[in-house]
Every structure is written in C-alpha cells, then in structure tokens.
Amino acid sequence: MSISLEQLSAQMRRGEQVPLRHTMQVVLTLSIPSILQQIVVTAVEYIDAAMVGHIGASATASIGIVSSSTWLMHGMLAGLYMSFAIQVAQYLGADRQDDARGVLRQSMIFNLVVGLAAAAFGIGISRFLPGWLGADSSLQADASAYFAIWSASLPFLMIMGTYSSMLRSSGDALTPGLISVLTCVLDVIFNFCLINPTREMVVFGRTMTVWGLGWGVPGAALGTALATAISGVLTLAILLLRDGPLCIRKPGSWHITKACLQNLWKVGAPLAAERAVLSSAQVLLIRIVSGLGTTAIAANSLGVSAESLCYMAGYGIQDASLALVGQAVGANRRDMAKNFAWLCTGMGIGIMALTGVGMYIFAPNLMGIFTADAAVIALGAQVLRIEALAEPMFGASIVASGAMQGAGDSTGCFVLNLVSMWGIRLTLASLLAPHFGLVGVWMAMSFELTMRGVLFLVRLVRGRWLDKGALA
C-alpha cells in the first residue's frame, strides 16, 4: 500500500505510530525525484563548463573568478526564500492550509521586490567585481559580462527556487524535477546557439551549416539566464493553476502578516547569514586561488563543477529531510522528526560514500569532460581525489542541516558553518596554499568538510535542534 506525505502527516497528527516501511517509502518518494533534479542541475553546470571549457582555459577562468560571487548572492537569497518553504512545510504538517497559502502569497511579493533589487545591485557592481577579486586584466571583460547577465536572471531564479521548494514541502517532488529537466534541455539548446559561431558540422554523415552567434562566455550566461526565466515562469504558473493545499485561487489575504515576518527573521535571517558565511568564504578562497595562475583557477573551477556530481545526491536527500522534518514538527511529533532526520542522514552518508569512490576512480575522466588542457586535467584530477575522501562526512552535514532547518534551527546551522568554514578551511587554506598551491587549498577543504560532518552529527545526537519548536 502506497502512502503520500499528506496521509503520513494526518497519521502523525492523530498520534499514530507510522510503520517503518511507510516512513521509508515517503523518504524515497521525495528523495529520488530530488536527487534526479540535482543530477539535472549538475548537468546544466557541466554543460556550461564543458562548452566554455572547450573554448580555452581563459574562458573557464573568466567564469571561475566570479563563480564564488554568484554563490554568495544566490546563497543569501536562497536562505531567505527557503524560510518560506519551511513555513509551508510546518503549516501543512499542522493542517493549517490557510496559513500555508498566506505564506505563498507573501512570498510572491517578497520575490518581486527583493529579486529586482538584487538584480539591479548585481548589474551595478559587475563592471568592478573581477578587479576586486584580483582577476587578470585579460579575464575581466568576460567575467563582468557573465556576472551582469547572471544577475539579471535573479528574479526568475528566485521564483523557480521558491516555488520548487514549496512544491516539495507539500509532497510533490516530481514536478520540480521535471521542470529542472526542461531547464537543462533549454540550456543546452540556447548555449549551443549562443556560445559558438556559425560553423560546419557533420551530422549522420552529412555536412550541415549550424547557425550560432559566437558570443563565448556572455553567450553561456545568456543561455542559462533564458532557460532559468522560462522555467521560473512555468513553475509559478503551475503553482497558480493547480489544485491542492497550496491553491491560491481560494479566497485569502495578500497582506504581510506579523507571523510571517517573525518567521522570516527567525529562520530566514540565520539561513541567509549561513549562506553568506559559506559563500563569502568561497570568495576569499577564490582570491587565494587567483594568485596561483590561470591553470590553477581553471582546475579549481572545473574541479568544483566535477565534485558536484558527487554531492548532488546529498542535496536531493536534504530536500526530503527538510520537508519531512518540517511536517513532523508542525504535527508536534518530535519522535517522527528524529526518525526522519536519522534515516535521511544515514542515506546521505551511504550514497555519498559510494559516489566519492566513483569520483576518486574516475577523476581524470570527469575533468576531461570539461577541457582538453592536459595541465588542467592533471591538476584537477589530483585535487578531486583529495576531496573524495571527505564526501561521506560532507553528506552527513548536508542532510543533517536540512533536518535542522526543517525544525526551525537555522541558527545552529549558521554557527556550525561559521566555525567550520572560517575557523578551519580558510585558516588552513591560507597556510597551505603558499607551500602546496591548489593541492594545499583542497587539502584544507577536505579536512574542513570532514570536521563539519562531525560537528553536525554531534548536534544531531544531542537533540537541541528540536528545542526551537514550531513556527508562529
């Protein structure tokens, strides 16, 4: 007998004991589409990196120099809009559907105002950013153009992220996954036409003229931006038109409520701070790497893209963990929240251990997807194998943080990441880079990710993450 998240939540609210097979089924129902979605998201990154990488190491380095800044901006915005999805999960778990729909309406106003402001800010600083990051003058024009175009797509990126998260919080992980597949297909099509110039290609033994604009790095940014815009609008349309607990065609208020603002401050502000801590540390790491030469910059950028193949499963399970724990806390079932947290965390550790083995074995092949530069491939493979050793504990931190966020303990996640990234990774990287180059930076990353996993597991064992209680 199959069971949905909505049915499981009803059982929890009635105080019933939920069989392990039902718990596992719901975890898999939410995790598998989310993992597939992460695969597609990673594929988009691979496509961008591979298409640009074959232009040359300088093109890859142009994107790599601003990549940490895109993580910083998107991370902070994601931390804010994820707080709306957490509220939706807890309200649905408590069977407060009117409140859940109210959060959805208020998130639309928030996304419009904040998304446009963030886009304007990103475009405004794009001209100066590569110089601030220490980029070589030969890389600055492409890097500035990439960041400006990416910034312009932020309102649509927020739309897609917010409403995909809300759909998962309501138990529908399949629809966001399918939208991500569409995003990937569109990204391939747009990039194919925008990055490369018009050229002759042999297709099934026949020579054909394939049209293209030849815009290089800016073309890669525009292709991804267009794909994101189309998918973001589609996600919003689905949420507006469909029936179910989040159907906003039902009567309701569009007023900003005190409860929503309190929850945004309680959960969203620490989440945004956490993403800022992680991403700003990445900005400083890029600053360290930028002094190691173009080969190191390219290998670092492509290595990060290649590593995402390993941890995407962890983020897929994190999505399920957040939704499940959020609904359990909303239903006032601490016992089920703990069960969900440990079950999902165990899955994350196991799956990422397996993918870490694969990354270690196939490191040169992964780097070869992105570039034909032998020096970049060799250095990238070396650092990937160092990072592969930390993947199981990285999986623990990823999934455990999702469980804690679902329970409203975003402050605890912020503190642990602050200590880990700034106290361990940056300190070690600054000490090791002058002696070991990029290898030293990735040695610091590997050790830090291991310790981060330990810190999150200790907090998960102690159980204080459940003391925050349900949201207002």
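Just so we're aligned, residue 0 is where the sequence shown starts under numbering that gives the first Met the number 0, counting upward by one. Glycine included, every Cβ here is placed at the ideal spot set by N, Cα and C.
By Cβ distance, which residues of its chain are closer than 6 Å to A147, with the 5 residues on each side in sequence left out? Answer for A147: I122, S125, listed in chain order.
Contact between the region 99-117 and the region 184-198 (3+ Cβ pairs under 8 Å): Three or more Cβ pairs closer than 8 Å define a contact, and the region 99-117 falls short of that threshold against the region 184-198.
Looking at S169: is its Cβ nearer than 8 Å to the Cβ of V276? No, the pair does not count as a contact, with Cβ atoms beyond the cut-off.
Since A58 contacts G213 with CB under 8 Å, what's their CB separation in whole angstroms? Not a contact, Cβ separation roughly 12 Å.
In the structure shown, what three-state DSSP assignment does W210 receive? Correct three-state label for W210: strand.
So the candidates are F413, G439, V414, C412; which of them puts its Cα closest to the Cα of L425? Per the Cα distances, G439.
Do you know offhand how far L138's Cα is from A402's? Their Cα atoms are separated by approximately 41 Å.
Assuming M11 and F83 form a contact by the criterion Cβ under 8 Å, report the distance between their Cβ atoms to the nearest whole angstrom. 22 Å between Cβ atoms; not a contact.
So T69 is in the alpha helix (DSSP H); what residue range does that whole segment cover? Per DSSP, the continuous alpha helix (DSSP H) segment holding T69 begins and ends at 56-92.
Are A432 and V375 touching if we call contact CB-CB under 8 Å? With respect to the 8 Å criterion, A432 and V375 are not classified as neighbours on the basis of their beta carbons.
Quick test of your reading: G133 and R286, contact by CB under 8 Å. State the CB separation rounded to the nearest angstrom. That belief holds up - the Cβ atoms of G133 and R286 are roughly 6 Å apart, short of 8 Å.
Use the C-beta contact count for I473: other C-beta atoms within 10 angstroms, 16 or more gives buried, fewer gives exposed. Outside the shown range of the chain (0 to 471) lies residue 473, about which nothing can therefore be said.
Can you name the start and end residues of the alpha helix (DSSP H) that M351 belongs to? Element bounds for M351: 333-360.
Let me know the secondary structure DSSP gives R274 once reduced to three states. Correct three-state label for R274: helix.
Let me check one thing: in DSSP terms, what residues is V201 bridge-paired to? According to DSSP, residue pairing for V201 in a beta bridge involves T206.
Could you please give the first and the last residue of the uninterrupted alpha helix (DSSP H) stretch that includes R167? Per DSSP, R167 is one residue of the alpha helix (DSSP H) stretching across 153-168.
From the DSSP output, which residues share a beta bridge with P196? Paired residues: L212.
Less than 8 Å between the beta carbons of S30 and G315, yes or no? By the CB criterion at 8 Å, S30 and G315 fall inside the cutoff.
Please report the Cβ distance between M358 and I34, rounded to the nearest whole angstrom; I am assuming they are in contact, meaning their Cβ atoms lie under 8 Å. Your pair M358 and I34 does not check out as a contact, with CB atoms roughly 16 Å apart and the cut at 8 Å.
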